[in-house]
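Here's the structure we're looking at; comments come further down.
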Ligand code: ADP
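Residue numbers (my numbering): 15 to 630.
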């Protein structure tokens, strides 16, 4: 009988992950019964340590990429987006509200505040959020600077005071984004997501009423109107994205353009850190992007969570999250039989018996070298029981060793994938690039669960790892939160992070690498590129990056951020143009009862409607 796949959950959660995996025949890791390395997937709410990445075995996967704090910490995100705006000057980066990290940026904030006060027009409001907290904790909204009181590092952001409302209720969108690999950047967005409502009607004259201004479930579920049937919104505070799509359908709004703008936000945000994330194909990450849509249907990025809540509070949660986790597992592409892990343990058992019989040194057997390391580590742990984190020296040692090993034996460090399927032909036809948003009725591009080809490039440990600091995880009671006291001042300078104590310095990723010129793609290159096209859809996960040949090529070696931005710009422009065309056609339809006329002037006067058509 084939061995089951094994999952390991940190702190016994989240339940939905356990439930989905058990339903699929996986087994839960039990440290009493299993070897330390005998698992395939390790899931935890908080980030993993550097050493855990460095000691990953070929069959093991983690649910976080290293070094993603650049977008998942409120202050780092604000800083990174500001840098991108300044460097690229692209209007595409105009999707996050102006932000100041206090106390450092206090003077800059003051001058902006005064400028806005003197400007005639609508009143400007601000929102203050502690950088070290999540789930709406410590947040308040203010108009007058005298109400700005803080005793920890905070981010003060322009408050989007004209949100789109549904029957008077504010809402935001929780978009689930899976980064399959950072190298090359491969991004999927789930078709389903959540719409999270405030439970009291929006009202700018009561800024203190958090049930009207914040959309966090963790806050609203304690509100007095949570269980009330609210006009159109219903009971509770959540909708599925499908329900929201239906709402949009009933409005005269260009859904495609809205979804594409959200896609852009996701890609552009990931581009801020993508060049600096070390390559670990054995890792995958599910991010929760929080998007607020304003009355003009402009989407704004509020924050990015590295551990989006997976608790099942209501029917919408159950519908969305169970499917989400199932699709995520499919996207990770575990083959049904995990032969790598099983073989390795058979070899280990063989080695043990050989040792026992011959009293010989372990150098004589062709074993997986990591097992030796693991044993050494275990012994060290016994000897130095007081030491919980490996010393920096040890990290460097393992890092170097890991680099050497990956160079020497890159063939043995493949993640567990079905190589026979690597040659599966996948078209780069743009028609296969499905958009996040409208549910596609066609299944042509749906990749068979369990069989989608893995497309990760093989393990390359290029850059040093750093421990991440305070990040946004809205999972309940996560270790990350426990590690991040609200008092921690992380904003004074970007180097004032826990990383510094490990001797690391936060370095902003270099976004200027790459040629910024898209050369003609030769025939051979074309074929090579085609081989690397990730499946356009896995379950309800839609590939949103790369979305054409140019972006695939721009992400293959050194990430060419400028080319990617050009392509996003082009695509968004095309969608906007097609919307204008659709609207004109609709207007023409509305005017069907009107009569057409000839255009005075030309020798053979054409119909006016014909002239308009030709001008499009
Ligand atoms: P947390 O990590 O504590 O959830 P968020 O940044 O997500 O912090 O903010 C919590 C809630 O506050 C959001 O869900 C949203 O409803 C509201 N909010 C946050 N920032 C803004 C903003 N700039 N404009 C309008 N509403 C905001």
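Beta carbons: idealized from backbone N, C-alpha and C, even for Gly.
Taking one C-beta from the segment 255-266 and one from the segment 169-177 each time, how about it: are there three or more such pairs within less than 8 Å? no
Residue(s) in a DSSP beta bridge with residue 243: None; residue 243 has no bridge partner.
By how many angstroms is the C-alpha of residue 198 removed from the C-alpha of residue 102? 21 Å
So, with DSSP's three-state summary, where would you put residue 128? helix
In the DSSP assignment, what are the bridge partners of residue 28? According to DSSP, which records beta bridges pairwise, residue 28 is partnered with nothing at all.
Is it buried or exposed for residue 309, if we count other Cβ within 10 angstroms and need 16 for buried? exposed
Residue 557 versus residue 123 - alpha carbon distance: 39 Å
With 16 other CB atoms within 10 Å as the buried threshold, where does residue 320 fall? buried
Distance between residue 627 and residue 77 (C-alpha atoms, nearest Å): 52 Å
With a 10 Å radius around its C-beta and 16 neighbouring C-beta atoms as the bar for buried, classify residue 6 as buried or exposed. There is no way to answer for residue 6, as the model of the chain reaches only from 15 to 630.
When the distance is taken between beta carbons, is residue 160 closer than 9 Å to residue 229? no
Assign residue 627 to one of three DSSP states: helix, strand, or coil. helix
What first and last residue would you give for the alpha helix (DSSP H) that runs through residue 66? 64-68
Whether residue 318 touches residue 283 by CB criterion (9 Å): yes
Would residue 219 pass as an interface residue toward chain C - the criterion being a Cβ-Cβ separation below 9 Å? In the displayed structure, chain C is absent; only one protein chain is listed.
What does a CB cutoff of less than 7 Å around residue 337 pick up in its chain, not counting 5 residues either side in sequence? 206 and 554
Just mark residue 260 as buried or exposed, buried being the case when its beta carbon has 16 or more other beta carbons within 10 Å. exposed
Range of the contiguous alpha helix (DSSP H) that encloses residue 335: 329-346
Quick check: does the Cβ of residue 212 come within less than 8 Å of any heavy atom belonging to the ligand ADP? yes
Residue 639 beta carbon near the ligand ADP (any heavy atom closer than 8 Å): An answer regarding residue 639 cannot be provided, because it is not within the stretch 15 to 630 covered by the chain.
With a threshold of 8 Å on Cβ separation, who are the neighbours of residue 31 within its own chain once the five nearest residues in sequence on each side are excluded? 21, 23, 57, 324 and 339
Starting from residue 186, trace the beta strand (DSSP E) in both directions and tell me its first and last residue. 183-196
Going by C-alpha to C-alpha distance, which of 59, 71 and 39 sits closest to residue 50? 71
Residue span of the beta strand (DSSP E) that contains residue 199, given as start and end: 199-204
Can you tell me whether residue 268 is buried or exposed? The criterion is at least 16 other CB atoms within 10 Å of its CB, across all chains shown. buried
Looking only at its own chain, which residues have a Cβ that is under 8 Å from the Cβ of residue 212, when we skip the five neighbours before and after it? 183, 184, 185, 225, 226, 227, 228, 229, 234 and 251
Span of the beta strand (DSSP E) around residue 169: 168-172
Pairwise C-alpha distance: residue 566 and residue 195: 13 Å
State the start and end residues of the unbroken beta strand (DSSP E) segment that holds residue 304. 299-307
Check residue 75 in the structure and name its three-state DSSP category. strand
Give the straight-line distance between the Cα atoms of residue 341 and residue 550, rounded to the nearest whole angstrom. 13 Å
Given residue 202 as reference, the closest of 552, 215, 609 and 570 once Cα atoms are compared: 552
Confirm, please, whether the CB-CB distance from residue 315 to residue 110 is below 9 Å. yes
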